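Trainee:
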Amino acid sequence: MDLNLKINQKGNVEIGGADTISLAEEYGTPLYVIDEKRIRDNYNRVNNAFTKYYKNFKIFYAEKANTNLAVMRILEEEGSSIDAVSPGEVYTALETGFTPDRILFTGNNITNEELKYVYEQEVILNIDSISALKRLAKITSPNGLKLSFRVNPNVGAGHHDHCITGGPMSKFGIMEEEAADVYNLAKDLGFNPIGMHSHIGSGILNPEPFKLATESMMNIAGDVAANANIDFEFLDFGGGLGIPYTPEENLLDIDNFAKEIVGIYKSKLNEFGIGKPAMYIEPGRYIVGDAAYLLLRVNSVKQSYRKFIGVDAGFNTLLRPAMYDSYHHIVVANKANATPTEKVDIAGNVCESGDLFARDRILPKIEEGDLIAILNAGAYAFSMSSQYNSRPRTAEVLVNNGESELVRERETYKDLFNNQIIPERLKK
Ligand SMILES: *Cc1c(COP(=O)(O)O)cnc(C)c1O
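Here it is in structure tokens:
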């Protein structure tokens, strides 16, 4: 079991040295609990693995996985750079202390206004289409502006179709066949294209597709270097590094992964004689995924056609099971050592049948008032949450060395009205 589960002497689940039962009592539920040390450790594990094989290496943390400001601050302190996929994420990164040279913007289907905004912030632009390139030339003065392009290496991978972002079905990137032309066009328009990027998907535990994509992108880079005469400053291989969600899955062997990817990188640099550009990757899930739990209180136990364990949050709080059919490991936090005896469904409180966190899960006998911990709730968890069913978004707590701090207040009913306006004529 590689799920990093810690159980204390009371038989309660712990995170970051803090007892989840006490956290739930102090802050209420539902509650996201983020483990600071785990984030730092995850970051350093990847960074050390890659820099061991290639010094000129940088991590661009994919902010969309978790945009909590405290999380951003932790990664800024560690020296991370940022992969931002929207102007709002650029704004968040700047506000949390990342300088523009540490922010790479990879937009898709962005408007002229958005392009102009990110251009004015002086972040590194990673362009996804010829359309965006031409529009950027019109609304700015290219003046030798450094640019990167996202290419589609014609390889995709991921834990769900929605998470595959390379290959023939993907909306992302520039096709291999037109890559050299696009770099030439960028130069003709007055830009200075110096980077190339790809991101093939998310939740990859098997290095093979990532290796294929690395090889494929390096071939495109070689072609572009030769046919558009580009001197690359960086090559960015995107994110996608997976984490185990089930007890059967194994941790990614990050040292071996780094060794293999860097091996391909170096040999292709040699083959094409394209110097020693910086190597970037953009992990999101790997950095924060296993660094948070979602704590939920059991409020009802119903024996219907099936046995339903009702909890105090639904897919508005954690969307992944409903959206991707994702497995999240679930532990009864106050009975962590008890023997699993019952097959149950863990059901949320949203009015939809698809609102289940788990089906047919074998767990210890659960009673009302028990505390449920949903593991691996650090990535694409709070950041995908909503107020659907008029449920205020939940609170987040940061834990470190057993100490806890509130890092996001629980929303109130009043917050549900934020920015809404009732026209005067409809007022009571
Ligand atoms: C989402 C995304 C990532 C991060 O993906 P993970 O699977 O969380 O590592 C990296 N780069 C880009 C461009 C992305 O859209």
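Going by full-length UniProt numbering, the letters in the sequence shown line up with residues 1 to 428, in that order. We put the beta carbon where it would ideally sit given N, CA and C, even for glycine. All values reported here derive from a predicted model rather than from experimental measurement.
For residue 215, which residues from the same chain have a beta carbon less than 8 Å from its beta carbon, with the 5 sequence-adjacent residues on both sides left out?
Mentor: By one-based count along the sequence shown, residue 215 stands at place 215. Only 264 and 268 meet the Cβ criterion.
Trainee: Hey, quick one: how far does the alpha helix (DSSP H) through residue 256 stretch, first residue to last?
Mentor: Along the sequence shown, one-based indexing puts residue 256 at 256. 254-272 is the extent of the alpha helix (DSSP H) around residue 256.
Trainee: Just checking my contact of residue 217 with residue 262 at CB under 8 Å: how many whole Å lie between their CB atoms?
Mentor: For the purposes of this step, residue 217 is identified with residue 217 of the sequence shown, where counting begins at 1. For the purposes of this step, residue 262 is identified with residue 262 of the sequence shown, where counting begins at 1. Incorrect: roughly 14 Å between the Cβ atoms, too far for contact.
Trainee: For residue 239 versus residue 284, is the C-beta distance shorter than 8 Å?
Mentor: On the sequence shown, position 239 is the one that residue 239 refers to. On the sequence shown, position 284 is the one that residue 284 refers to. For residue 239 and residue 284, yes; Cβs fall inside 8 Å.
Trainee: Quick one: what does DSSP say residue 414 is sitting in, helix, strand or coil?
Mentor: The residue labelled residue 414 in the question sits at position 414 within the sequence shown. It is helical.
Trainee: Of all the options 64, 38 and 235, which has the alpha carbon lying nearest to the alpha carbon of residue 91?
Mentor: Counting from 1 along the sequence shown, the entry for residue 91 is found at position 91. The option with the nearest alpha carbon to residue 91 is 64.
Trainee: Can residue 76 and residue 98 be called in contact, C-beta distance under 8 Å?
Mentor: In the sequence shown, the residue the question calls residue 76 occupies position 76. In the sequence shown, the residue the question calls residue 98 occupies position 98. A contact, by the Cβ cut-off of 8 Å.
Trainee: Looking at ligand 1, does it come within less than 7 Å of residue 246, judged from the CB to the closest heavy atom?
Mentor: Taking the sequence shown and counting its residues from 1, one reaches residue 246 at position 246. Flag unset: Cβ of residue 246 not near ligand 1.
Trainee: Determine the burial state of residue 20: buried for a count of at least 16 other Cβ atoms within 10 Å of its Cβ, exposed for fewer.
Mentor: Numbered from its first residue, the sequence shown carries residue 20 at position 20. Label assigned to residue 20: buried.
Trainee: Measure the CB-CB distance between residue 104 and residue 136 and report whether it falls below 8 Å.
Mentor: If you number the sequence shown from 1, residue 104 lands on position 104. If you number the sequence shown from 1, residue 136 lands on position 136. No, they are not a contact pair.
Trainee: Near residue 347, which residues of its chain fall below 6 Å by C-beta distance, leaving aside the five closest residues on each side in sequence?
Mentor: Position 347 of the sequence shown, counted from the first residue, corresponds to residue 347. Excluding residues within five positions, the ones whose Cβ falls inside 6 Å are 308, 310 and 356.
Trainee: So, using beta-carbon positions, are residue 66 and residue 383 closer together than 8 Å?
Mentor: The sequence position of residue 66 within the sequence shown is 66, counting from 1. The sequence position of residue 383 within the sequence shown is 383, counting from 1. Cβ distance < 8 Å, so residue 66 and residue 383 count as in contact.
Trainee: I want to check one thing, is the minimum distance from the CB of residue 214 to the heavy atoms of ligand 1 below 7 Å?
Mentor: Within the sequence shown, residue 214 is the residue found at index 214, counting from 1. No; taking the cut-off as 7 Å, the Cβ of residue 214 has no heavy atom of ligand 1 nearer than that.
Trainee: Between the Cα of residue 79 and the Cα atoms of 130, 58 and 409, which residue gives the shortest distance?
Mentor: Residue 79 sits at position 79 when you count from the first residue of the sequence shown. Checking every option, the nearest Cα to that of residue 79 belongs to 58.
Trainee: For ligand 1, I want to know if residue 199 counts as a neighbour, meaning its beta carbon is within less than 7 Å of at least one of the ligand's heavy atoms.
Mentor: In the sequence shown, counting from the first residue as 1, residue 199 sits at position 199. Under cutoff, so the answer is yes.
Trainee: Residues in the same chain with beta-carbon distance under 8 Å from residue 313, minus the five sequence neighbours each way, listed in chain order, please.
Mentor: Within the sequence shown, the letter at position 313 stands for residue 313. Once the five neighbours on either side are set aside, the close Cβ partners of residue 313 are 29, 30, 294, 296, 348, 349, 391 and 394.
Trainee: Give a yes or no on contact between the region 173-187 and the region 327-343, applying the rule of three or more CB pairs nearer than 8 Å.
Mentor: Too few Cβ pairs lie closer than 8 Å, so no.
Trainee: Which of helix, strand or coil does DSSP assign to residue 210?
Mentor: Start at 1 with the first residue of the sequence shown, and residue 210 comes out as number 210. Helix at residue 210.
Trainee: Do the CB positions of residue 429 and residue 198 come within less than 8 Å of each other?
Mentor: The question about residue 429 has no answer here: the residues shown for the chain are numbered 1 through 428.
Trainee: DSSP three-state call for residue 130: helix, strand or coil?
Mentor: Reading the sequence shown from its first residue, position 130 is the one you call residue 130. Three-state result, residue 130: helix.
Trainee: Taking 7 Å as the cut-off, is the beta-carbon of residue 283 closer than that to any non-hydrogen atom of ligand 1?
Mentor: Taking the first residue of the sequence shown as position 1, residue 283 is located at position 283. Correct: residue 283 has its Cβ closer than 7 Å to ligand 1.
Trainee: Assign residue 332 to one of three DSSP states: helix, strand, or coil.
Mentor: Translated into positions along the sequence shown, residue 332 becomes position 332. Looking at residue 332 - three-state DSSP - the assignment turns out to be strand.
Trainee: For residue 49, count neighbouring Cβ atoms within 10 angstroms of its own Cβ and tell me buried if that reaches 16, exposed if not.
Mentor: Working through the sequence shown from its first residue, we reach residue 49 at position 49. Its Cβ being crowded by 16 or more others within 10 Å, residue 49 is buried.
Trainee: By alpha-carbon positions, which one of 143, 360 and 224 ends up nearest to residue 192?
Mentor: The sequence position of residue 192 within the sequence shown is 192, counting from 1. It is 143.
Trainee: Could you check whether the Cβ of residue 97 sits closer than 7 Å to any heavy atom belonging to ligand 1?
Mentor: Counting from one through the sequence shown, the residue named residue 97 turns up at place 97. Checking the Cβ of residue 97 against ligand 1 gives no.
Trainee: Taking 7 Å as the line, does the beta carbon of residue 129 fall inside it for any heavy atom of ligand 1?
Mentor: Here residue 129 refers to the residue found at position 129 of the sequence shown. Not so, every heavy atom of ligand 1 lies at least 7 Å from the Cβ.
Trainee: Where in the region 65-138 do unbroken runs of the beta strand (DSSP E), each at least 3 residues long, occur, reported from the N-terminal end onward?
Mentor: Entirely contained in the region 65-138, the beta strand (DSSP E) runs reaching 3 residues are, in chain order, 81-84, 103-106 and 124-127.
Trainee: Please say whether residue 81 and residue 107 have beta carbons closer to each other than 8 Å?
Mentor: Stepping through the sequence shown from its first residue, residue 107 is reached at position 107. Stepping through the sequence shown from its first residue, residue 81 is reached at position 81. Contact flag unset, no.
Trainee: Buried or exposed, going by whether 16 or more other CB atoms sit within 10 Å of the CB of residue 398?
Mentor: Sequence index remark: in the sequence shown, residue 398 carries index 398 (1-based). It counts as buried.
Trainee: Roughly how many angstroms lie between the CA atoms of residue 130 and residue 93, to the nearest whole one?
Mentor: As a working note, residue 130 is residue 130 in the sequence shown. As a working note, residue 93 is residue 93 in the sequence shown. Between residue 130 and residue 93, the C-alpha separation is close to 26 Å.
Trainee: Can we count residue 252 as close to ligand 1, meaning its CB is less than 7 Å from some heavy atom?
Mentor: The residue given as residue 252 occupies position 252 in the sequence shown. Answer for residue 252: no, Cβ out of range of ligand 1.
Trainee: Residues in its own chain within less than 7 Å of residue 376 by CB, not counting five upstream and five downstream?
Mentor: The residue you call residue 376 lines up with position 376 of the sequence shown. Cβ neighbours of residue 376 beyond the five flanking positions: 243, 245, 289, 290, 328 and 329.
Trainee: In whole angstroms, give me the CA-to-CA distance for residue 260 and residue 212.
Mentor: Position 260 of the sequence shown, counted from the start, is the residue given in the question as residue 260. Position 212 of the sequence shown, counted from the start, is the residue given in the question as residue 212. Going from the Cα of residue 260 to the Cα of residue 212 covers about 11 Å.
Trainee: Considering only heavy atoms of ligand 3, does any lie closer than 7 Å to the CB of residue 170?
Mentor: With respect to small molecules bound, the structure shown includes ligand 1 and not ligand 3.
Trainee: Just to confirm, is the Cβ distance from residue 35 to residue 11 under 8 Å?
Mentor: Taking the first residue of the sequence shown as position 1, residue 35 is located at position 35. Taking the first residue of the sequence shown as position 1, residue 11 is located at position 11. It is not a contact, given that the beta carbons lie outside the stated cut-off.
Trainee: Would residue 325 and residue 345 be called neighbours here (beta carbons separated by less than 8 Å)?
Mentor: In the sequence shown, counting from the first residue as 1, residue 325 sits at position 325. In the sequence shown, counting from the first residue as 1, residue 345 sits at position 345. No, they are not a contact pair.
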